[in-house]
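Residue numbers (my numbering), protein chains in the order written: chain A, 18 to 175; chain B, 40 to 374.
Cβ atoms here follow ideal geometry from the backbone N, Cα and C, with glycine treated the same way.
Right, here's the structure in full:
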């Protein structure tokens with residue numbers, strides 16, 4: 018039974034890292050395509066494009082943070098895993114879901130917004146500030162989901 | 040149809056290249072230009088287009104060449120990109136149909152081909168095909184059109200209008216199958232374009248008093264317009280045309296409600312209204328960040344710009360008044 022609980026906890030950690038990472042990869046990819054299009058015609062926009070392309074990458078970092086938090090909580094880095102019941106393992110897995118799901122979806126949404134913003138700076142380079150704020154708004158929900166995951170993980174007693 | 044994200048790269052490029060599109064302000068400046076030299080200096084300032092106009096010898100041939108090559112360069116480049124083959128395919132088809140017309144006309148006039156018009160094929164292959172100098176390979180649709188032109192020229196050697204209609208039919212047939220591949224709003228747009236092309240062809244044929252057999256060469260089986268509906272334009276009276284257009288649902292192309300005049304200026308005005316309508320129906324998609332519509336819209340806007348620049352620069356070359364030129368100009372993509 019101890020092993021089963023650990024499996025659920027590790028599944029939660031893997032979901033947080035994996036899904037949020039996928040969201041970021043897709044988002045960065047979308048923004049990158051738009052950026053490559055802009056730079057084909059105007060290579061001077063590299064700096065602004067890079068900044069916007071990097072924005073959807075944060076979800077992957079949040080997912081990784083949540084995943085490591087779980088591993089630390091389980092004591093896996095110390096070499097001796099904590100005893101985890103099935104109920105505790107499932108609690109940890111559900112606690113990871115906010116950043117896993119929101120990370121996936123917000124990464125894609127932020128990538129789309131970043132691509133649109135790259136289009137904005139291509140036409141109006143003077144509006145770079147506003148162009149960054151728009152995709153940054155999507156970030157709020159990734160941050161909130163990370164906060165929720167951390168609070169939920171902290172409330173679980175092992 | 041491709042996924043909407045397949046066009047992200049092209050939309051990015053379009054966002055930069057849109058700065059090369061003409062605006063009402065540029066058009067006004069060109070209209071106010073005192074002569075062709077001044078107009079060319081204004082053109083040299085337009086981003087991503089101006090370089091081609093810097094230091095050119097101001098002749099009609101040079102202007103035509105620059106405009107054609109500039110637009111063809113964008114179209115052929117876009118067709119090589121992901122998602123671009125279909126979205127730029129419409130414009131490449133148009134180049135192909137024009138090149139085909141020119142090649143056949145050269146062959147008919149027995150003139151050597153001195154200039155090559157840009158297309159997806161080598162125009163010299165067409166001339167070699169008709170003169171029987173070699174067996175060339177062509178895609179089936181294209182080969183079919185060539186055989187039809189060959190048959191027409193065997194029975195009616197001087198029927199240049201018939202040749203033109205057959206080339207246009209090749210373009211319209213290609214557009215019809217492209218419409219299904221593009222899907223969504225562009226499918227409807229392509230269908231509208233085909234109907235407008237039929238109306239233009241029929242009204243021009245009416246003015247030139249062509250026989251139904253010649254106009255029939257423009258027609259191919261489609262679900263948009265029946266052959267008898269097209270041929271009707273040649274037999275009804277001028278007074279009945281507005282009513283007939285109303286019946287078909289296209290009375291809005293008439294410059295004056297309920298009035299039709301069978302003269303070339305009025306026909307040119309109708310064609311201008313059609314171009315404006317086609318452009319305005321794409322304008323609503325111009326700010327979309329994904330999908331083929333903003334890319335297609337940009338390319339169509341570019342083709343309208345080329346038309347406007349030909350009118351303006353040729354007008355300046357011949358010293359036409361600004362007011363006369365203004366009446367011929369199409370609307371801009373960006374107000």
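Using a 10 angstroms sphere on the CB of residue 21 of chain A, the tally of other CB atoms stays under 16, which defines it as exposed.
Taking a 10 Å sphere around the C-beta of residue 296 of chain B, we find fewer than 16 other C-beta atoms and assign the residue as exposed.
Secondary structure note for residue 140 of chain A: its alpha helix (DSSP H) is the uninterrupted segment 103–140. A Cβ-Cβ distance of about 7 Å is found for the pair residue 325 of chain B and residue 372 of chain B, placing them in contact under the 8 Å criterion. Where residue 315 of chain B is concerned, the enclosing alpha helix (DSSP H) starts and stops at 303–322. The CB of residue 129 of chain A comes closer than 8 Å to the CB of 328, 329 in chain B, given here in chain order. Put simply, the stretch 67–75 of chain B does not touch the stretch 40–51 of chain B. Fewer than three CB pairs are less than 8 Å apart. Residue nearest to residue 350 of chain B within the set B/338, B/366, B/339 is B/366 (criterion: CA-CA distance). Within the same chain, 45 come within 6 Å of residue 121 of chain B by CB-CB distance, once the 5 residues on both sides are set aside. With fewer than 16 other Cβ atoms from the protein chains shown falling within 10 Å of its own Cβ, residue 60 of chain A counts as exposed. With contacts defined as CB atoms closer than 8 Å, residue 210 of chain B and residue 132 of chain B qualify as a contacting pair. Ranking B/201, B/278, B/146, B/205 by CA distance to the CA of residue 247 of chain B puts B/201 first. By the neighbour-count criterion, in which a residue is buried when 16 or more other Cβ atoms sit within 10 angstroms of its Cβ, residue 347 of chain B is buried.
Residue environment for residue 100 of chain B: exposed (fewer than 16 other C-beta atoms within 10 angstroms of its C-beta). Against residue 59 of chain A, the close residues of chain B are 55, in the order they occur along the chain (beta-carbon pairs closer than 8 Å). A direct Cα-to-Cα measurement between residue 259 of chain B and residue 236 of chain B gives close to 12 Å.
Taking C-beta separations shorter than 8 Å and ignoring five residues to either side along the sequence, the partners of residue 81 of chain B in its chain run 65, 68, 69, 72, following chain order.
Following the DSSP letters along the chain, one finds residue 76 of chain B inside the alpha helix (DSSP H) bounded by residues 75–82. A straight line joining the alpha-carbon of residue 162 of chain B with that of residue 177 of chain B spans about 12 Å.
Shown in chain order are the members of the stretch 30–56 of chain A whose Cβ falls below 7 Å from a Cβ of chain B: 47, 50, 51, 52, 53, 54, 55.
Distance from the Cα of residue 146 of chain B is smallest, within the candidate group B/320, B/53, B/189, B/337, for B/189.
Segment contact: the stretch 109–127 of chain A against the stretch 64–79 of chain A, three or more CB-CB distances shorter than 8 Å; contact assigned. Chain order gives the chain A residues near residue 49 of chain B as 54, where near means a beta carbon separation below 7 Å. Using a Cβ-Cβ distance cut-off of 8 Å, the stretch 21–38 of chain A and the stretch 95–108 of chain A are in contact, since at least three pairs of beta carbons, one from each stretch, lie closer than that value.
If you draw a straight line from the Cα of residue 255 of chain B to the Cα of residue 141 of chain B, it comes to about 21 Å. Cα atoms of residue 105 of chain B and residue 92 of chain B: separation of roughly 8 Å, rounded to the nearest angstrom.
Chain order gives the chain A residues near residue 52 of chain B as 54, 55, 57, 58, where near means a beta carbon separation below 8 Å. Here residue 290 of chain B is not near residue 318 of chain B, since their CB atoms are 8 Å or more apart.
When the five nearest sequence neighbours on each side are left out, the beta carbons in the same chain lying within less than 6 Å of the beta carbon of residue 206 of chain B are those of 136, 139, 140, in order along the chain.
Of the candidates B/164, B/125, B/280, the residue whose Cα lies closest to the Cα of residue 222 of chain B is B/125. In the DSSP assignment, residue 326 of chain B falls outside any alpha helix (DSSP H) and carries neither an H nor an E. Look at residue 33 of chain A here: in three-state DSSP terms it is helix. Within the same chain, 69, 148, 149, 151, 152 come within 8 Å of residue 134 of chain A by CB-CB distance, once the 5 residues on both sides are set aside. Between residue 243 of chain B and residue 315 of chain B, the CB-CB gap reaches or exceeds 8 Å. Around residue 322 of chain B, no beta-carbon contact reaches into chain A at under 9 Å, the shortest distance being about 16 Å. When the beta-carbon positions are compared, residue 63 of chain B and residue 374 of chain B come within less than 8 Å of each other.
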